[in-house]
Structures are given as C-alpha cells and as structure tokens.
Amino acid sequence: MKKIVITGMGAITPVGIGVEEYWKNITAGVSGIDTIKTFDPSELAVQIAGEVKNFNPSDYLPKDLIRKTDPFMQYAYIAAEEAIKQSGIEIEPARTGIVMGTAMSGVATTAFTQDALSSAANKKVGPRFIPKILGNIAAANIAIDYNIQGPSFTVSTACSSGGDAINTAMMCMQSGKADVMLAVGAESVLCPLVIYSLANAKALSRRNDDPKTASRPFDVTRDGFVIGEGGGALVLETEEHALARGAKILAELKGCGNTCDAHHVTAPHPEGRGAIACMKLALADAGLDASDIGYVNAHGTATHKGDTVETNAIKTLFGDKLPIVSSTKGATGHMMGAGGVTETITCIKAIETGIVPPTINLNEIDPECEGIDFAPNTAKKADIKYAMSNAFGFGGQNSSIIVGKYN
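To convert, note that position 41 of the sequence shown is 125 in this note's numbering; the numbers rise steadily by one, no gaps.
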C-alpha cells in the first residue's frame, strides 16, 4: 500500500481564519459562538451560532467569483487556497484530483431565494441560482482555477462528509488514480428554515442569553448542539511524490474508516455499534492497535444521546488504554461537513505541537460520560504520535480518520 502524507492545510472557522489563528484560539479556549449576525434571528427560538467572524469575501476572492458562489463554496475555496500555498505544490493536471465534502450544500441560498421569490411582485430567479447551490460546484470552482483535471468527487454523508472526503481521496490515491488529492469540507447552513427544523427536533441548544457557553460537550447540563460554519482543506500526496519534489511533510494519513449504523435516521445505535466498527476499521487500515492512539478528537456535539454513545464506544474500544479525548465543538459549534477536515487538522496540530485542545464549557462531566480525560476547559501537554478524528452523522454515518507523526 502506498504511504499517503499531508503537505498542506487550510481552515476558515468561527474562531479564526487560517490554520494558525484557528489553532491559537482553539487551544486558548476561545469561543466562536455568538448571537447570529448575518440575519435577524429575533423571532427564532434559537438565535445563536458559530459564524465565521470578520469575514469579507472581497478580501480573498474576485468579485465575479463572489457573485456566483454560496458562502460554503467561498469557505471551501479559501481553505483550499491556503492548503495549496502551504504545500508549495505545482499542479500536474491529470494526476491531481479533488474531493469535496458537504452535508447540505447551498440550502441557505435556496431558502433565502425562495423567500424572496414568494414575496416578490415580479417572479424572477437569477441564472446563477442552480450552480450556486450545487455541492459539486465548490470543487469545480477550485478545479477550474487550479487546473485540476483528475478525479473529482463530491460526497454528502451528513456530518461525516468531511471525514469521508479524506477517505475517498485516500482511496483514489491508493488505487493509483492520482498522485495528489485535495480533500475539502465546507458548510454554511444558517437560515430560519434549517434552524426551525433542528430546533423543533430538539437538537439545538437554546442558551440564547449565554452564547459562548451554549455548546457543552459531555457536560451534564448540555442541551443540544450549536450550528457552526466554515471550511477546511488538506493537500494529500503519495510519499513518493512528496519526497521527489522535496515537500515538507506535515503528517502521515495512516488510516480511514467508514460504516453505517443501519439503525435509525437521526439517532445513533444505542450501543455504538457503527462507531466502534468504524474506529476498528480505521485502526486496521492504519496497522495500529488501540493503545497506539494518544488523542481522539471526538464528534462530541453536546447532544445527550450522541455524547453518551460516543463515550461508551470509546471506552469499549480502548478499554484500559484510554487516550485523551476532547471536543472542539464547544468552541466552534458543529461545522457539519467542514468539521471532519478541520478536526483532522486539529489532530495534526496536536501531534506537531504536543498540545491537546480543551473541551470548553465542560464544568460537570455527565456521570454517563465519566472515566475519560476530556481535557476540560484547559489545553493539555501530551506527546502524541497518533491521533484519531471521529465524525458521525444522520443516517448512521460514521467516519474515523487516523493521522500520525511522519517518520
């Protein structure tokens, strides 16, 4: 099997634009959750979210691209640009590919367009509407500007989409279809339509009066997740290709897992059947034992069932060799399709720096989640050689990604 390495990273998140700002703030315990600013949420039961702050697309993108793209596409493009620049890669068109992961594509643009159409006297929808909402157009815009002519896929596996984008990219390279792959995840779903649905499903935190502490993974007082937005990107290369061009290798992509609970559309299997199997598959793919993993970036959304099931799955798999576990969603909110990539970046930075980011707002661990070191509220120093990122989604989708120190 070919060894796959990571040579570039990019991130745009509620706690920072760019990987370094993201990492500085996520390890410092900064919260990116606040009252929604992009539209008036005052009539909604849920009025908080993890929005990307201080973001002016014209600082990063040409006007024409801004006009024809949804925010999730803009986040994908900007994260990809950062990753490509860091890698120093010169694109070889036919041997370079891209995989995009997004859960809900342009749902917010769809909702706001329909709202405007319903209230307008003259019924008119612009010609850019369809390409603005399609999931694959995010990858297409990147491919067009960087002349990426190899494999191009867009995966939509709910909140596992970003992790599955990495997995799909790795499979393309292992099968010999590309030497370089860009794995991207992005999401921007903030609109009344989505908030109404998730709020009515009792999935969202309603702590509107205290946004910064609203997302409380593994805490006994948690009351649901907070929607986040953003984008993440990785440049993946075969080791042979990276060494031949003298690239700086940041980490090795050791293994990936993907499973389905085959249980329920929205609820996880109560015994964590799919999650356990997914983590086992990733370990087998990586050729590692559970005891080799020093850190797990948990899915940890701050829903009652989700956190409890994941905790028990981790305990079942790791036994008495439990790694440090943290959920960065306390700070960013649930970035859905973007999270699988940005949280893999978190694992890479933890290996690189020897710092595990904290689970913020964790003041009283739920008794059902006890027994694991969740790095509550303060970052921890740890020598991490291998780390795992979990992402679980509606439909019983499960993704686990393992990265390791490159030797």
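Glycine is no exception: its CB is placed at the ideal position from the N, C-alpha and C atoms.
These figures come from a predicted structure and were not determined experimentally.
When we look at the beta-carbon of N178 and count the other beta-carbons within 10 Å, is it buried (16 or more) or exposed? Checking the displayed sequence, the identity of residue 178 turns out to be Ala instead of Asn. Looking at its Cβ environment, which holds fewer than 16 other Cβ atoms inside 10 Å, A178 is exposed.
I believe G269 touches G185 by the beta-carbon criterion, under 8 Å. Please report the beta-carbon distance rounded to the nearest angstrom. 4 Å
Tell me whether A287 is buried or exposed, calling it buried when 16 or more other Cβ atoms sit within 10 Å of its Cβ. buried
What does the Cβ neighbour count give for F123, buried or exposed, with the cut at 16 atoms within 10 Å? Around the beta carbon of F123, fewer than 16 other beta carbons sit within 10 angstroms, so the residue counts as exposed.
When we look at the beta-carbon of T428 and count the other beta-carbons within 10 Å, is it buried (16 or more) or exposed? T428 is buried by the Cβ-count criterion.
Coil, strand or helix - M472 by DSSP: strand
Once you ignore the five residues that flank V191 on each side, which residues in its own chain have a CB closer than 8 Å to its CB? I217, V273, C275, L277, V278
Have a look at S411 and I449 and give me their C-alpha separation to the nearest angstrom. 13 Å
Taking the continuous beta strand (DSSP E) assigned at I486, which residues delimit it? 481–488
Would G308 pass as a contact of T416 if the rule is Cβ separation under 8 Å? no
Proximal residues to V183 (C-beta, below 6 Å), its chain only, five neighbours per side dropped: Within the same chain, Cβ atoms closer than 6 Å to the Cβ of V183 are found at F237, A249, T252, A253, A267, the five residues on either side in sequence being excluded.
Pull up the distance between the alpha-carbon of G312 and that of I117, whole angstroms please. 8 Å
In chain order, what residues of the same chain have a beta carbon less than 7 Å from the beta carbon of Q481, not counting five sequence neighbours either side? These residues qualify, in order along the chain: T241, A242, S244, C344.
Please state whether DSSP places V268 in a helix, a strand or coil. strand
Mapping the DSSP letters down to three states, classify Y144 as helix, strand or coil. coil
By DSSP's criteria, N381 is part of a beta bridge. Which residues make up the other side? S410, S473
Going by alpha carbons, who is nearest to G358 out of A331, G378, N396? The candidate whose alpha carbon is nearest that of G358 is N396.
How about Y159 and V136: do their beta carbons lie closer than 8 Å? yes
Taking the alpha-carbon of G566 as reference, which of A163, K152, F156 has the nearest alpha-carbon? What is shown of the chain runs 85 to 491, which leaves residue 566 out entirely.
Considering Cα atoms alone, identify which of F156, K169, H347, S484 is closest to L318. Residue K169 is the option with its Cα nearest to L318.
Close beta carbons around L406, own chain, < 8 Å, minus the five adjacent residues each side: Only I398, K399, G455, I456, D457 meet the Cβ criterion.
What does the Cβ neighbour count give for P146, buried or exposed, with the cut at 16 atoms within 10 Å? exposed
Which of helix, strand or coil does DSSP assign to L218? coil
Going by other Cβ atoms of all chains shown within 10 Å of its Cβ, with 16 needed for buried, is R212 buried or exposed? exposed
For N284, which of helix, strand or coil comes out of DSSP? helix
Please check the pair A370 and S171, which I expect to be a contact at CB under 8 Å, by giving their CB distance rounded to whole angstroms. Not a contact, Cβ separation roughly 22 Å.
Best match in D391, K389, P352, A368 for proximity to G479 [C-alpha to C-alpha]: P352
My output table needs one value for S236: the three-state DSSP class, helix, strand or coil. strand
Tell whether a beta-carbon distance below 8 Å holds between N461 and P441. Not closer than 8 Å, so no.
Which of the three DSSP states is assigned to P276 in this structure? helix
Roughly how many whole angstroms lie between the Cα atoms of I120 and A283? The alpha-carbon of I120 is positioned some 15 Å away from that of A283.
Applying the 10 Å Cβ sphere with the 16-neighbour rule, what's the burial state of A328? exposed
Count the other CB atoms, across all protein chains shown, that sit within 10 Å of the CB of A475; report buried if there are 16 or more and exposed otherwise. A475 sits buried, since 16 or more C-beta atoms from the chains shown fall within 10 Å of its C-beta.
Rounded distance between the beta-carbons of L337 and L320, thought under 8 Å: 6 Å
Tell me, to the nearest whole angstrom, how far the beta carbon of N225 is from that of M157; I am working on the premise that it is less than 8 Å. So it is a contact: roughly 6 Å between Cβ atoms.
Would you mind working out which of I485, K489, E452, S483 sits nearest K469, comparing C-alpha positions? Distances from the alpha-carbon of K469 to those of I485, K489, E452, S483 put K489 closest.
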